[in-house]
Amino acid sequence: MREKELKLIVTFHTTTDAMAMEKMCKEQNIPGRLIPVPRALSAGCGLSWCAAPGQRGMISAGMKRAGIKAEAVKECMV
411 MREKELKLIV TFHTTTDAMA MEKMCKEQNI PGRLIPVPRA LSAGCGLSWC AAPGQRGMIS
471 AGMKRAGIKA EAVKECMV
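The working numbering applies: residue 411 is where the sequence shown begins, and numbers increase by one.
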């Protein structure tokens, strides 16, 4: 079993926003990946973006440029 580590989790209201996030991050070489929302959190669409906590600034800037709105941005053990 994999050991849990602290991750930055971005949740979304819609699946469309989650997919736009994945596309934007790939285009801008922002590390991370789509995952199901961790049990400790809840979100409208069930998908979340998972990245290292140190990527918060880069992710926020990319989302602002792309017009992507997050439901929540939290740190969580995943």
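Glycine included, every Cβ here is placed at the ideal spot set by N, Cα and C.
- Around the beta carbon of Leu-457, 16 or more other beta carbons sit within 10 angstroms, so the residue counts as buried.
- Nearest C-alpha to Met-487 among Thr-425, Pro-463 and Glu-432: Pro-463.
- The Cβ atoms of Ala-461 and Pro-441 lie closer than 7 Å to each other.
- Rounded to whole angstroms, Asn-439 and Glu-432 show a C-alpha spacing of 10 Å.
- Counted as a single uninterrupted DSSP element, the stretch harbouring Arg-412 is not any alpha helix (DSSP H), since DSSP gives it neither H nor E.
- Runs of the beta strand (DSSP E) spanning 3 or more residues and lying entirely within the segment 418-455 occur at 443-446, in chain order.
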